Each structure stands twice: as C-alpha cells, then as structure tokens.
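Under our numbering, the sequence shown has 1545 at position 172, and the numbering climbs by one with no breaks. The beta-carbon is built from N, C-alpha and C at its ideal position, and this holds for glycine as well. For clarity, every value in this text was computed on a predicted model and none was experimentally measured. Comments concern the structure below.
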Amino acid sequence: MTDATYDVIILGQGLAGTTLGWALHRQGLRICLIDPDREATASRIAAGLVTPITGKRFSLTWQYDRFLVEAVDFYRGIEALTAATFFSPREHERLFVTSRELQDFEARLARDPGVAKHSVPGISAESRGRLTCPLGGFTMPTAGQLNVRNYLNASRVFFQERNSYRAAEISCEEIELGQSGVGIPRLGLFASRLIFCRGAEDRGNPWFPRIRFLPAQGEILTLSVDYPLDRVLHRQVWLAPGEDGTVYAGSTYAWDRLDGMPTLSGREEICRKLAEFFPYPCEVIAHQAAIRPALHDQRPVLGMHPRWSRLGIMNGLGSKGSLQAPWLARHFAEHLAQGTPLDPELDVQRKYPP
1374 MTDATYDVII LGQGLAGTTL GWALHRQGLR ICLIDPDREA TASRIAAGLV
1424 TPITGKRFSL TWQYDRFLVE AVDFYRGIEA LTAATFFSPR EHERLFVTSR
1474 ELQDFEARLA RDPGVAKHSV PGISAESRGR LTCPLGGFTM PTAGQLNVRN
1524 YLNASRVFFQ ERNSYRAAEI SCEEIELGQS GVGIPRLGLF ASRLIFCRGA
1574 EDRGNPWFPR IRFLPAQGEI LTLSVDYPLD RVLHRQVWLA PGEDGTVYAG
1624 STYAWDRLDG MPTLSGREEI CRKLAEFFPY PCEVIAHQAA IRPALHDQRP
1674 VLGMHPRWSR LGIMNGLGSK GSLQAPWLAR HFAEHLAQGT PLDPELDVQR
1724 KYPP
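The structure is reproduced here in structure tokens:
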C-alpha cells in the first residue's frame, strides 16, 4: 500500500462524522469525509433539539452540563469559521398531560438538584393563553436548538474547499486494509486510519459485529402554521421552530419497521397528539422518516478496533447527537492525535471484553 494521502478517512458526514472531522482538523490532521449525499438521513431531518430534561421520569440528560458547555463553544467556533449561523439557545417548555405527571415532576424537582438547576416551574404567559394546557408545565431555560442541515451544509463547503470531501457510496467490501494504512482504491484514497460514522447503516458492519444496535425509526413533519413559535414545546410530541417560517413536529418511535419510509399512521399520530395542545390549523408541507442509530446499552460508542487498529467507529448518538457530538468528537480526536485514554464507558473496547 502506498503512503497515506490523508491521516483519517471518515465514512459518513452526519452529525458524528462531520463533528469528528472538525475535531481532527483542529488537531492538525488531514481528513477526508466520504458521504453518499442522501437527502433523508437521521441527521439531515433532525430538529436538532438540545433538551436537559426528558422522558416520563423527568430525568436529567446524561452528562448534560459537560456536553452543553462543549457544544455551545464548539458551534460558535464553527459558525465563525464558516460565516454561517446554526445554533440558537432556545427555551423549551414541557406541558403536563395528567395531574399525576405534574405530581411526578414536583417530586423529582424536590429531590434532584440537576433537574432543579435546569428547570423553572411554570410556562410563559403566551403559552398559557394560546395553548391548551390546563395543568401548566415547566420551562427549560438552558436548552437550545441546532439547525442541523445548515451545520452539515456549511461544514461540507468548508471541507470541499480543502479537498477533504467526496460524495460517494462506499461498501465495506471496497475497503482494503494493509499494514501501513487503509485504502479505497476506487476513489484513489489512502489514509493511516478509517473511522465509520454511518449511523444506522453500521448495523451490518462486518468489522464491528459485536456492537448491538437498537435502532428506532422516527418520522417528522414540516408544517405551515399561523403561530409565532419562538420556543420548543413538548407534550408527548414536540413542536419546534423551523426554517422560513415553518415549524417541525415529531417524532414517532418504531422498532419493528426500519425502512426509512414515512407512514400514514406516523403522520396521524403526530397530528393527533399535536392537536391536543396546539389548537391552530396546520398544513403539512413535508413528511420525512429516518432511522436513529441507538445502541442496546444506551451509550455512544467510539474508538479503534482491538484487532484491526486502523479501523475505528463513532456511533450510537441516537436522539442526543446535537448535544453530545462536540464533546465526543474532541475526546476521540485527542485519543487519535495525542494518545489520551478513552472513557471506558464509551470505548468500543467494552464490546470486546477479555
């Protein structure tokens, strides 16, 4: 095999691959992102929600403080480099569905300092006056939203201008692994290392068969509404500001259908739950579906293969990618560039116990 053209080839230009690309670029490594340039992927249709308190139990998102500080600093830095805007601090409001839910939140608030830090009981006067929410809710002032599509597009342009991006569909069978590096002969590309960042597509990755995925298909609607939405609303489904005056509504979870195709039942579910608290006409102008790449142990995975040390992976960000990707990417990039140890809770080595 010839000398490496790049230090690292990254397969996949979604949230994981793009953010890892930036982190490696900041370490001074030469990278090449390769992506099939599909329109509807989990990253490209994502609403980019950064939410501190989630789930039926009102749990604080894992490592939220650590991830949030890194994410805000990272996105602001990339905005400056690309002259684009894509991250917004944005309040989220969660509306209670039942009186039991209200009681559960109050109990959690009383015993969990993390939840107390990231929530304020009550919602805005506008929400109280214009939405159907007799039980009220609570506000998350430290939340945010990433315009994922703008982030990916601005990043792509940056790396294209530096000959660090290729639009191509690559199968695992095309990868040639040698002692001095990894090659993709069809593209004439060689590198010291190759990292898989292909989301749910890596379910069938023959190099990493021990990673157990628990993917979930999600559907999202783009709506035209006559309502000045400036925050994210949560009540069984979420409603978030979109582009050009639109809003996004979602999302569904399906584990038994993983074809990436939108369904009538998914659309009806979102619209039905939305109508329970949002009493305004909604025109559906787009309906998309994609597969979230989550793992069985509900933790991301990153690192180099224990046997084929030139092959690595970063995956399993699920619905938290906008929040987690910057910290995870820097952590992995420092490991690759400087040899710093990986967090054992995240290291792919946990899938290969001795």
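Chain-order list of residues whose beta-carbon lies under 7 Å from that of residue i (same chain, five-residue window excluded)
{"i": "D1376", "result": "Summary for D1376: the model assigns pLDDT 48, below 50, so the residue's position carries little reliability; its value from the coordinates is reported in the next sentence. Within the same chain, D1376 has no close Cβ partners at all."}
{"i": "Y1626", "result": "A1589, G1591"}
{"i": "N1578", "result": "C1545, F1569"}
{"i": "L1587", "result": "A1667, L1668, H1669"}
{"i": "G1730", "result": "Since the first and last residues shown for the chain are 1374 and 1727, residue 1730 lies out of range."}
{"i": "G1510", "result": "E1466, R1467, L1468, F1469, I1496"}
{"i": "W1681", "result": "L1550, W1580"}
{"i": "P1514", "result": "E1464, V1493"}
{"i": "R1585", "result": "L1668, H1669"}
{"i": "T1713", "result": "E1707"}
{"i": "T1378", "result": "L1562, F1563, A1564"}
{"i": "T1424", "result": "T1434, H1465, M1513, A1516"}
Close beta carbons around residue i, own chain, < 6 Å, minus the five adjacent residues each side
{"i": "A1527", "result": "T1455, A1457"}
{"i": "G1694", "result": "L1388"}
{"i": "F1531", "result": "T1455"}
{"i": "M1677", "result": "G1685"}
{"i": "A1444", "result": "L1696, P1699"}
{"i": "P1409", "result": "E1542"}
{"i": "V1598", "result": "V1620, Y1653, C1655"}
{"i": "G1639", "result": "E1592, T1625"}
CB contact check: residue i to chain B, cutoff 9 Å
{"i": "I1451", "result": "Absent here is chain B; the protein component of the structure consists of one chain."}
Nearest neighbour of residue i, chosen from the options [CA to CA]
{"i": "P1654", "options": "R1645, H1660, Q1661", "result": "R1645"}
{"i": "D1617", "options": "W1611, W1580, I1658", "result": "I1658"}
{"i": "A1540", "options": "A1419, G1691, I1407, R1683", "result": "I1407"}
{"i": "I1426", "options": "L1482, I1418, E1443", "result": "L1482"}
{"i": "A1419", "options": "F1447, I1496, A1480, L1525", "result": "L1525"}
{"i": "L1567", "options": "A1573, E1574, W1580", "result": "W1580"}
{"i": "G1390", "options": "F1705, D1720, L1715", "result": "F1705"}
{"i": "Q1661", "options": "E1707, G1572, I1593", "result": "I1593"}
{"i": "R1703", "options": "T1378, W1395, I1382, L1384", "result": "W1395"}
{"i": "V1381", "options": "F1563, N1536, P1514, W1700", "result": "F1563"}
{"i": "L1475", "options": "L1508, T1636, T1414", "result": "L1508"}
{"i": "R1559", "options": "T1414, F1469, I1548, Q1552", "result": "I1548"}
{"i": "L1596", "options": "T1619, E1542, F1469, N1688", "result": "T1619"}
{"i": "Y1600", "options": "L1504, H1491, G1554, R1585", "result": "L1504"}
{"i": "D1632", "options": "N1523, A1648, E1574, S1692", "result": "E1574"}
{"i": "L1719", "options": "Q1671, S1682, L1709, Q1711", "result": "Q1671"}
{"i": "L1441", "options": "G1428, E1452, S1461", "result": "S1461"}
{"i": "T1471", "options": "L1384, K1429, I1451", "result": "K1429"}
{"i": "R1417", "options": "P1679, T1515, L1519", "result": "L1519"}
{"i": "C1506", "options": "Y1538, P1514, P1679, E1649", "result": "E1649"}
{"i": "G1517", "options": "R1463, P1652, S1682", "result": "R1463"}
{"i": "L1709", "options": "P1727, L1690, Y1621, L1675", "result": "L1675"}
{"i": "H1398", "options": "S1692, F1447, W1628", "result": "F1447"}
{"i": "S1565", "options": "V1423, L1690, R1683", "result": "R1683"}
{"i": "P1673", "options": "F1478, P1652, V1721, D1629", "result": "V1721"}
{"i": "P1486", "options": "G1502, I1383, D1438", "result": "D1438"}
{"i": "A1415", "options": "L1701, L1715, L1690", "result": "L1690"}
{"i": "A1413", "options": "L1715, P1635, G1639, F1651", "result": "P1635"}
{"i": "R1529", "options": "G1502, G1639, I1451, R1640", "result": "I1451"}
{"i": "V1521", "options": "Q1386, P1727, P1679, L1715", "result": "Q1386"}
Close-in-space but distant-in-sequence residues of the same chain around residue i (CB under 8 Å, 5 per side omitted)
{"i": "P1717", "result": "R1723"}
{"i": "R1449", "result": "F1460"}
Beta-carbon separation (whole angstroms), residue i vs residue j, contact threshold 8 Å
{"i": "T1512", "j": "V1493", "result": "5 Å"}
{"i": "G1572", "j": "N1688", "result": "7 Å"}
{"i": "F1459", "j": "N1536", "result": "Actually they are not in contact, since the Cβ atoms of F1459 and N1536 sit about 24 Å apart, beyond 8 Å."}
{"i": "R1583", "j": "Y1725", "result": "6 Å"}
{"i": "L1384", "j": "A1613", "result": "The pair is not a contact, with the Cβ atoms about 29 Å apart (cut-off 8 Å)."}
Residue i: CB within 8 Å of a non-hydrogen atom of the ligand SAH
{"i": "I1382", "result": "Annotation note on the ligand SAH: not contained in the displayed structure, which lists no ligands."}
Evaluate the contact criterion for the stretch 1595-1612 versus the stretch 1664-1676: three or more CB pairs, one atom per stretch, below 8 Å.
-> no
Whole alpha helix (DSSP H) runs in the stretch 1434-1486 with 4 or more residues, listed along the chain?
-> 1437-1455, 1472-1484
Evaluate the contact criterion for the stretch 1484-1504 versus the stretch 1397-1407: three or more CB pairs, one atom per stretch, below 8 Å.
-> no
Please specify which runs of the beta strand (DSSP E), each continuous and at least 3 residues long, are wholly inside the stretch 1585-1625, giving them in chain order.
-> 1589-1598, 1605-1608, 1610-1614, 1620-1623
Inspect the CB distances between the stretch 1688-1703 and the stretch 1433-1449 and report whether three or more fall short of 8 Å.
-> yes
Along the chain, which unbroken stretches of the beta strand (DSSP E) at least 3 residues long are found entirely within the stretch 1513-1575?
-> Residue ranges of uninterrupted beta strand (DSSP E) with 3 or more members, entirely inside the stretch 1513-1575 and ordered along the chain, are 1517-1519, 1538-1540, 1555-1557, 1562-1569.
Taking only runs that begin and end inside the stretch 1612-1691, name each unbroken alpha helix (DSSP H) of 4 or more residues, in chain order.
-> 1637-1648
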